[in-house]
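A.B. asks:
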DNA sequence: TAATCCTACGTTATAAAGTAACAATAGAAC
DNA sequence: GTTCTATTGTTACTTTATAACGTAGGATTA
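Chains as they are written, first to last, in the numbering used here: chain A, 1 to 165; chain B, 166 to 330.
If you want it as structure tokens, here you go:
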């Protein structure tokens, strides 16, 4: 991602989420909202167990089903994407766009960026049609290096070696 | 897959594997060959732990690292694909093809079919180039129904409910 | 031929990811 | 206010995957 005021991203994402949910009569409960907020803390792929650890404040510990259920809700409503090749999650930039995006996954900094391309979807549809296959869901993920991580030795932007316990 | 003599698929896949490995000085050991053979038993996605169970003959039990190492070898040499969205594996139809295929995953019968399309890859490359992203690996998976599984209620071809213990 | 080296495989233990099943609770609807 | 349903809590477990170290066997060479 280019340098940006990320607070805007968060605000925009949460506002969109509120809007979409209320429009659908879905409840963006405090827990679900909190999970979404954690996912949007940056543009990196987030693991379910990282969320569990983050939500487990000093006192009451959050259990896996709690987080997985919130993730299921957010996925159902298109507010986040699941990244299959990383077993991780990321906020969706365009929760109302109608087709599955291509996710660009930077192996170096962990950032995820999404892009949509009608021509690409058309080709996939055509490939499917050719063999009589009916598509229900597309997983399109590209691993590699984002524009900021092209120079192999620049450490400024690299992901920290590990999370704190 | 259309009806076919699957023994041909197996023979062809194993012969190709032998050829590729010897050409590269890689050792297709009995264990690795056996894993490849199990994966090719049909065109369905195979789980690592299914392989572990299958290889664990009545007597000496096969442990996870054994199978995972064989899978790593087969993946490295392009003899199988990992299906990210299923945590599963499938034999590669064209071990020497140079770019990542699109995998069509039938949700009903479990069959996997692969297809390649240069125009598709060109679009992905172009999308990446636009944002300065360098692609290292592509995950392209389509879930849905294969041509044989279009009719919702035909049970002939459905996957059996569970594996035997 | 024995020493050695390297690669593959075996073994134990554990980490990481995800779910089933049921209990408790809080909101909405009546 | 009571009933009903959706949401969250809790316990236990399954599935998927890897780390770390030990062993065996074939090739290489001193």
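Every residue gets a Cβ at the ideal spot worked out from N, C-alpha and C, and that includes glycine.
Just so it is clear, the structure is predicted and the values come from calculations on it, not from any experiment.
Using the Cβ count rule (16 or more neighbours within 10 Å means buried), how would you classify residue 43 of chain A?
C.D. replies: The residue given as residue 43 of chain A occupies position 43 in the first chain. Result: buried.
A.B. asks: For residue 314 of chain B, which three-state DSSP category applies?
C.D. replies: Taking the first residue of the second chain as position 1, residue 314 of chain B is located at position 149. Correct three-state label for residue 314 of chain B: helix.
A.B. asks: Quick one: give me the first and last residue of the alpha helix (DSSP H) that residue 99 of chain A is part of.
C.D. replies: Residue mapping note: residue 99 of chain A aligns to position 99 of the first chain, counting from 1. Looking at the DSSP string, residue 99 of chain A is not in any alpha helix (DSSP H), and its letter there is neither H nor E.
A.B. asks: Measure the CB-CB distance between residue 254 of chain B and residue 210 of chain B and report whether it falls below 8 Å.
C.D. replies: As a first step, residue 254 of chain B must be located in the second chain, where it is residue number 89. As a first step, residue 210 of chain B must be located in the second chain, where it is residue number 45. Contact flag set, yes.
A.B. asks: Are the C-beta of residue 151 of chain A and some C-beta of chain B separated by less than 8 Å?
C.D. replies: Walking along the first chain from the start, residue 151 of chain A turns up at place 151. No, its Cβ sits nowhere closer than 8 Å to a Cβ of chain B.
A.B. asks: Do the stretch 122-134 of chain A and the stretch 308-317 of chain B touch if we need at least three Cβ pairs shorter than 8 Å?
C.D. replies: The stretch 122-134 of chain A is in contact with the stretch 308-317 of chain B.
A.B. asks: Give me the Cβ distance between residue 242 of chain B and residue 265 of chain B, rounded to the nearest whole Å; I'm assuming they're in contact under 8 Å.
C.D. replies: Working through the second chain from its first residue, we reach residue 242 of chain B at position 77. Working through the second chain from its first residue, we reach residue 265 of chain B at position 100. Between residue 242 of chain B and residue 265 of chain B a beta carbon distance of about 15 Å is seen, past the 8 Å cut, so the two are scored as non-contacting.
A.B. asks: On a Cα-Cα basis, can you pick out the residue from B:232, B:287, B:169 that is closest to residue 198 of chain B?
C.D. replies: For the purposes of this step, residue 198 of chain B is identified with residue 33 of the second chain, where counting begins at 1. The option with the nearest alpha carbon to residue 198 of chain B is B:232.
A.B. asks: Out of B:193, B:228, B:262, which has the shortest C-alpha to C-alpha gap to residue 183 of chain B?
C.D. replies: Numbered from 1 along the second chain, position 18 holds the residue referred to as residue 183 of chain B. If we check each option's Cα against that of residue 183 of chain B, B:193 comes out closest.
A.B. asks: Closer than 9 Å, Cβ to any Cβ of chain B: which residues of the stretch 107-121 of chain A, in chain order?
C.D. replies: 107, 113, 115, 117, 119, 120
A.B. asks: Give the DSSP-derived three-state secondary structure of residue 256 of chain B in the structure shown.
C.D. replies: Within the second chain, numbered from 1, the residue matching residue 256 of chain B stands at position 91. Residue state, collapsed to three classes: strand.
A.B. asks: Does residue 308 of chain B have its Cβ less than 8 Å from a Cβ in chain A?
C.D. replies: Within the second chain, numbered from 1, the residue matching residue 308 of chain B stands at position 143. Chain A, which has a Cβ nearer than 8 Å to the Cβ of residue 308 of chain B, makes this yes.
A.B. asks: Would you mind telling me which residues of chain B sit closer than 9 Å to residue 91 of chain A, beta carbon to beta carbon, in chain order?
C.D. replies: In the first chain, counting from the first residue as 1, residue 91 of chain A sits at position 91. Those within 9 Å of residue 91 of chain A in chain B number zero; the least Cβ separation is about 18 Å.
A.B. asks: Please list the terminal residues of the continuous beta strand (DSSP E) segment that includes residue 45 of chain A.
C.D. replies: One-based indexing of the first chain puts residue 45 of chain A at position 45. Counting along the chain, residue 45 of chain A falls outside any beta strand (DSSP E), and DSSP gives it neither H nor E.
A.B. asks: Could you check which residue in A:74, A:93, A:119 has the C-alpha nearest to that of residue 291 of chain B?
C.D. replies: Within the second chain, numbered from 1, the residue matching residue 291 of chain B stands at position 126. That would be A:119, whose Cα lies nearest to the Cα of residue 291 of chain B.
A.B. asks: So with Cβ pairs under 8 Å, would you call residue 9 of chain A a contact of chain B?
C.D. replies: Within the first chain, the letter at position 9 stands for residue 9 of chain A. Judged by the 8 Å Cβ criterion, residue 9 of chain A is not in contact with chain B.
A.B. asks: Pick helix, strand or coil for residue 280 of chain B, following the three-state DSSP scheme.
C.D. replies: The residue given as residue 280 of chain B occupies position 115 in the second chain. Correct three-state label for residue 280 of chain B: strand.
A.B. asks: Taking all protein chains shown into account, do 16 or more other C-beta atoms lie within 10 angstroms of the C-beta of residue 278 of chain B, making it buried, or fewer, making it exposed?
C.D. replies: For the purposes of this step, residue 278 of chain B is taken as residue 113 along the second chain, with counting starting at 1. Result: buried.
A.B. asks: For residue 134 of chain A, which beta-bridge partners are listed by DSSP?
C.D. replies: Working through the first chain from its first residue, we reach residue 134 of chain A at position 134. DSSP lists B:310 as partners of residue 134 of chain A.
A.B. asks: What's the C-alpha gap between residue 37 of chain A and residue 15 of chain A?
C.D. replies: Walking along the first chain from the start, residue 37 of chain A turns up at place 37. Walking along the first chain from the start, residue 15 of chain A turns up at place 15. Cα to Cα, residue 37 of chain A sits roughly 11 Å from residue 15 of chain A.
A.B. asks: Name the residue from A:94, A:86, A:82 whose alpha carbon lies nearest to the alpha carbon of residue 12 of chain A.
C.D. replies: Sequence index remark: in the first chain, residue 12 of chain A carries index 12 (1-based). It is A:94 whose Cα lies nearest to the Cα of residue 12 of chain A.
A.B. asks: Closer than 7 Å by C-beta to residue 217 of chain B: which residues in its own chain qualify, once you throw out the five before and the five after it? Chain order, please.
C.D. replies: Taking the second chain and counting its residues from 1, the one referred to as residue 217 of chain B is at position 52. Closer than 7 Å at the Cβ level, and outside the excluded window around residue 217 of chain B, lie 227, 229, 232.
A.B. asks: Measure the C-alpha to C-alpha separation of residue 261 of chain B and residue 267 of chain B and round it to an integer number of angstroms.
C.D. replies: Your numbering for residue 261 of chain B matches position 96 in the second chain. Your numbering for residue 267 of chain B matches position 102 in the second chain. Rounded to the nearest angstrom, the two C-alpha atoms are 15 Å apart.
A.B. asks: How big is the Cα-Cα spacing for residue 105 of chain A and residue 188 of chain B?
C.D. replies: For the purposes of this step, residue 105 of chain A is taken as the residue at position 105 of the first chain. For the purposes of this step, residue 188 of chain B is taken as the residue at position 23 of the second chain. Each residue's Cα considered, the two are about 34 Å apart.
A.B. asks: So the alpha helix (DSSP H) residue 177 of chain B belongs to, where does it begin and stop?
C.D. replies: Position 12 of the second chain, counted from the first residue, corresponds to residue 177 of chain B. Where residue 177 of chain B is concerned, the enclosing alpha helix (DSSP H) stretches over 171-189.
A.B. asks: Taking Cβ-Cβ distances below 8 Å as the criterion, which residues of the stretch 76-88 of chain A are in contact with chain B?
C.D. replies: 84, 85
A.B. asks: Can you list, in chain order, the residues of its chain whose CB lies under 6 Å from that of residue 166 of chain A, leaving out five sequence neighbours each side?
C.D. replies: Residue 166 of chain A lies beyond the range of chain A shown here (1 to 165); nothing can be said about it.
A.B. asks: Would you mind stating whether residue 35 of chain A and residue 74 of chain A have Cβ atoms separated by less than 8 Å?
C.D. replies: As a first step, residue 35 of chain A is located in the first chain; it is residue number 35 there, counting from the start. As a first step, residue 74 of chain A is located in the first chain; it is residue number 74 there, counting from the start. For residue 35 of chain A and residue 74 of chain A, yes; Cβs fall inside 8 Å.
A.B. asks: Helix, strand or coil: how does DSSP classify residue 247 of chain B here?
C.D. replies: Counting from one through the second chain, the residue named residue 247 of chain B turns up at place 82. Note: residue 247 of chain B maps to strand in three-state DSSP.
A.B. asks: Give the straight-line distance between the Cα atoms of residue 185 of chain B and residue 204 of chain B, rounded to the nearest whole angstrom.
C.D. replies: Working through the second chain from its first residue, we reach residue 185 of chain B at position 20. Working through the second chain from its first residue, we reach residue 204 of chain B at position 39. Residue 204 of chain B has its alpha-carbon roughly 18 Å from the corresponding atom of residue 185 of chain B.
A.B. asks: Nearest by alpha-carbon distance to residue 41 of chain A: which of A:8, A:69, A:123 is it?
C.D. replies: Within the first chain, the letter at position 41 stands for residue 41 of chain A. For residue 41 of chain A, the nearest C-alpha among the options comes from A:8.
A.B. asks: For residue 304 of chain B versus residue 84 of chain A, is the C-beta spacing smaller than 8 Å?
C.D. replies: Position 139 of the second chain holds residue 304 of chain B. Position 84 of the first chain holds residue 84 of chain A. A contact, by the Cβ cut-off of 8 Å.
A.B. asks: Using a 10 Å radius around the Cβ and a threshold of 16 neighbouring Cβ atoms, would you call residue 168 of chain B buried or exposed?
C.D. replies: For the purposes of this step, residue 168 of chain B is taken as the residue at position 3 of the second chain. Burial call: exposed.
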